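**Student:** Dropping the structure in here first, questions after.
Number of protein chains: 2
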Amino acid sequence: MKLYDYFRSSAAYRVRIALNLKGLVPERAFVHLARGQQRAGDYLSVNPQGLVPALVTDDGHVLSQSLAIVDWLDETHPSPPLLPADPIGRARVRSIALAIACDIHPLNNLRVLNYLSNTFGVTADQRNGWYKYWIDVGFEALETRLAGEPQTGTYCHGAAPTLADVCLVPQVANARRFHVDLSPYPTIVRIDAACVALPAFADAAPAKQPDAE
Amino acid sequence: MKLYDYFRSSAAYRVRIALNLKGLVPERAFVHLARGQQRAGDYLSVNPQGLVPALVTDDGHVLSQSLAIVDWLDETHPSPPLLPADPIGRARVRSIALAIACDIHPLNNLRVLNYLSNTFGVTADQRNGWYKYWIDVGFEALETRLAGEPQTGTYCHGAAPTLADVCLVPQVANARRFHVDLSPYPTIVRIDAACVALPAFADAAPAKQPDAE
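For the protein sequence lines, the chains are A and B, in the order given.
Numbers 1 to 213, taken from my numbering, label the letters of the first sequence in order.
Numbers 1 to 213, taken from my numbering, label the letters of the second sequence in order.
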């Protein structure tokens with residue numbers, strides 16, 4: 001299989017973690033988002049949405065959207081599982097993952113930040129304020145859940161990493177890169193630390209990728 | 001089961017469609033987003049994220065995030081299925097659903113539009129431009145996929161509605177409400193028409209809900 005990747009893409013980072021957890025080593029191709037390579041014709045012919053990541057399966061199917069890719073990996077390579085076995089547990093893990101993947105991350109995507117600067121003419125300070133605001137709104141709710149729900153364990157859900165952690169760690173990395181104060185979120189910080197102590201998470205970090213700058 | 005709902009919430013609209021497709025009739029409670037009821041303590045004690053929808057199961061579990069709820073419904077009430085049986089088909093359907101649920105809808109949420117107006121002071125015209133821009137970016141890519149991929153049928157994936165259609169129809173309704181020109185997206189318009197011809201979709205429309213204004 002072949003992963004279209006970009007070191008700084010949080011969505012690609014999720015897929016890298018999931019691949020590492022599954023012990024899978026894909027071929028890699030790098031699409032430089034900050035240079036606009038995702039809008040070039042040769043990449044659009046792979047993924048018309050022009051977003052990274054995309055995963056090409058061994059039989060040539062092109063999969064897009066990080067959460068769909070992780071679900072496919074989990075269905076086709078079930079060990080270790082990235083979702084609990086029980087439907088309520090699965091719903092909880094999916095809900096945490098989606099609270100990050102739908103309600104925080106898309107608002108802070110590069111294309112969105114560019115729109116704010118280029119079309120609305122917001123200042124760098126305003127842009128950073130926006131970035132931090134959506135992380136804080138999302139993390140406040142997530143901290144409440146993770147700190148209060150008995151299913152939380154060493155990781156977001158119990159004693160093994162799941163799809164929820166696969167989404168959490170790249171989002172925490174973004175928060176740190178933008179100097180968000182994480183002290184109000186001790187449970188998130190604790191779970192992130194447990195995750196990044198695992199090579200599957202550590203090796204997926206942006207700074208460790210061949211295309212890192 | 002009990003659905004916390006708001007007629008105009010696209011995420012709640014998805015869950016209403018899925019419940020109708022499954023033939024399930026939940027108890028309903030209405031949370032008025034435009035009046036800020038989702039930030040009130042009694043709703044936050046149900047869903048700390050302060051977002052609609054939430055679904056309370058018969059044994060008292062609170063599920064949040066529309067796509068996690070639909071997945072839970074599909075796992076616990078498998079007929080009719082909302083995902084294909086094959087992993088590649090499931091990945092395609094999830095990818096279409098997520099391209100809407102992650103990459104279009106969150107950018108046009110009420111709380112985001114309020115931030116643009118209240119914090120950045122953008123004009124109503126600029127706000128509408130933002131709204132339409134993200135729909136156009138998302139629909140252009142989606143139209144390319146749906147028009148070009150052989151798995152597209154009467155619906156987004158084959159001859160029966162799936163999670164992809166559950167996400168598509170509320171997004172098309174939003175596009176119409178904001179007067180987005182849909183003529184560049186004939187496949188999307190065709191699939192939307194096939195869906196809304198079904199009572200499960202038609203009965204879930206915002207205007208048909210008891211709390212509609």
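Ideal placement from N, C-alpha and C gives every residue a C-beta, glycine not left out.
None of the values given here were measured: they were computed from a predicted structure.
What residue ranges within the stretch 14-66 of chain B form continuous beta strand (DSSP E) runs of no fewer than 3 residues, ordered along the chain?
**Tutor:** 27-30, 54-56 and 62-64
**Student:** Taking just the CA atoms, how far does B:Gly-121 sit from A:Phe-120?
**Tutor:** 10 Å
**Student:** I need the straight-line Cα distance from B:Gly-41 to B:Gly-50, nearest angstrom please.
**Tutor:** 9 Å
**Student:** Is B:Glu-75 close to chain A, meaning its C-beta is less than 8 Å from at least one C-beta of that chain?
**Tutor:** yes
**Student:** Along chain A, in chain order, which residues have C-beta atoms closer than 9 Å to that of B:Thr-144?
**Tutor:** Leu-44, Pro-48 and Gln-49
**Student:** Spell out whether any CB of chain B is found under 8 Å from the CB atom of A:Cys-156.
**Tutor:** It does not: the Cβ of A:Cys-156 has no partner Cβ on chain B nearer than 8 Å.
**Student:** Are there 16 or more other CB atoms within 10 angstroms of the CB of B:Lys-22, so buried, or fewer, so exposed?
**Tutor:** buried
**Student:** Please identify the residue among A:Tyr-133, A:Asn-118, A:Arg-127 and A:Gln-126 whose C-alpha is closest to the C-alpha of B:Gln-126.
**Tutor:** A:Asn-118
**Student:** The beta strand (DSSP E) with B:Tyr-133 in it runs from where to where?
**Tutor:** Taken as a continuous stretch (DSSP letters only), B:Tyr-133 belongs to no beta strand (DSSP E), being part of the alpha helix (DSSP H) at 124-148.
**Student:** To which residues of the same chain is B:Ala-212 closer than 7 Å at the C-beta, ignoring the five residues directly before and after it?
**Tutor:** Phe-7 and Pro-206
**Student:** Please list, in chain order, all residues of the same chain as A:Leu-110 whose beta carbon is under 8 Å from its beta carbon, the five residues on each side excluded.
**Tutor:** Leu-33 and Ala-34
**Student:** Quick one, which of A:Gly-158, A:Ser-9 and A:Gly-60 has its alpha-carbon nearest A:Gln-38's?
**Tutor:** Taking only the C-alpha atoms, the option nearest A:Gln-38 is A:Ser-9.
**Student:** Applying a beta-carbon distance threshold of less than 8 Å, which residues of chain E neighbour A:Ser-10?
**Tutor:** Protein chains in the displayed structure are A and B, and chain E is not among them.
**Student:** Quick one: what does DSSP say A:Leu-110 is sitting in, helix, strand or coil?
**Tutor:** Assigned with DSSP and collapsed to three states, A:Leu-110 falls in helix.
**Student:** Give the secondary structure of B:Tyr-185 by DSSP, where H, G and I count as helix, E and B as strand, and everything else as coil.
**Tutor:** Looking at B:Tyr-185 - three-state DSSP - the assignment turns out to be coil, as it is neither helix nor strand.
**Student:** Could you round the C-beta distance between A:Ile-215 and A:Ile-104 to whole angstroms and report it? I think they count as a contact, below 8 Å.
**Tutor:** With chain A covering 1 to 213 only, the question about residue 215 of chain A has no answer from this structure.
**Student:** Between the alpha carbons of A:Gly-158 and B:Val-180, how many angstroms are there, rounded?
**Tutor:** Each residue's CA atom was taken as its position, placing A:Gly-158 and B:Val-180 some 45 Å apart.
**Student:** Since B:Leu-3 is in the beta strand (DSSP E), which residue starts that stretch and which ends it?
**Tutor:** 2-5
**Student:** Does A:Ile-88 get closer than 8 Å to chain B when you measure Cβ to Cβ?
**Tutor:** Cβ-Cβ to chain B under 8 Å: yes for A:Ile-88.
**Student:** Assuming the contact rule is C-beta atoms closer than 8 Å, A:Leu-217 and A:Pro-26 should be a hit. Round their C-beta distance to whole Å, please.
**Tutor:** Only positions 1 to 213 of chain A appear in the structure, and residue 217 of chain A is not among them; the question remains open.
**Student:** Measuring only between beta-carbons, confirm whether A:Leu-113 sits less than 8 Å from chain B.
**Tutor:** no
**Student:** Given A:His-77, which residues of its chain have a CB within under 6 Å of its CB, disregarding the five upstream and five downstream residues?
**Tutor:** Lys-22
**Student:** Output, in sequence order along the chain, the residues in the stretch 93-110 of chain A whose CB is closer than 7 Å to any CB in chain B.
**Tutor:** Listed by position along the chain: Arg-94, Ser-95, Leu-98, Ala-99, Ala-101, Cys-102, Asp-103, Pro-106 and Leu-107.
**Student:** Kindly say whether B:Leu-63, judged by its beta-carbon, lies nearer than 8 Å to any beta-carbon of chain A.
**Tutor:** yes
**Student:** Could you tell me whether any Cβ in chain A is nearer than 8 Å to the Cβ of B:Asp-58?
**Tutor:** With its beta carbon at least 8 Å from every one in chain A, B:Asp-58 lies outside the interface.
**Student:** Whose Cβ in chain A lies nearer than 8 Å to the Cβ of B:Leu-67?
**Tutor:** Chain order gives the chain A residues near B:Leu-67 as Arg-94, Leu-98 and Cys-102, where near means a beta carbon separation below 8 Å.
**Student:** Output, in chain order, the set of chain A residues within a Cβ distance shorter than 8 Å of B:Asp-71.
**Tutor:** Arg-90, Ala-91 and Arg-94
**Student:** Mind pulling the chain B residues with CB within less than 7 Å of A:Gln-126?
**Tutor:** Phe-120
**Student:** If we ignore side chains and look at the alpha-carbon of each, how far apart do A:Thr-144 and B:Asn-47 end up?
**Tutor:** 10 Å
**Student:** With C-beta atoms as the reference, is A:Ala-204 less than 8 Å away from A:Tyr-13?
**Tutor:** Cβ distance < 8 Å, so A:Ala-204 and A:Tyr-13 count as in contact.
**Student:** When DSSP labels each residue in this structure, what does A:His-86 get in the three-state scheme?
**Tutor:** Looking at the sequence shown, residue 86 of chain A is not His but Asp. DSSP places A:Asp-86 in coil when its eight states are reduced to three.
**Student:** Between which residues of its own chain and B:Pro-186 is the CB-CB distance below 6 Å, once the five residues before and five after are set aside?
**Tutor:** Counting only Cβ-Cβ distances below 6 Å, and skipping sequence neighbours, we find nothing.
**Student:** Grab me the residues of A:Cys-156's own chain with a C-beta within less than 8 Å of its C-beta, minus the 5 sequence neighbours each way, in chain order.
**Tutor:** Excluding positions up to five away in sequence, the list reads Val-93, Ile-96, Leu-146, Thr-162, Ala-164, Asp-165, Leu-168 and Ile-191.
**Student:** Interface residues of chain A around B:Ala-200 at Cβ under 7 Å?
**Tutor:** The contacting residues do not exist; B:Ala-200 stays about 21 Å from chain A at best.
**Student:** Using three-state DSSP, classify A:His-105 as helix, strand or coil.
**Tutor:** DSSP places A:His-105 in helix when its eight states are reduced to three.
**Student:** Would you tell me roughly how many angstroms separate the C-alpha atoms of A:Thr-57 and A:Cys-102, rounded to the nearest one?
**Tutor:** The alpha-carbon separation between A:Thr-57 and A:Cys-102 amounts to approximately 25 Å.
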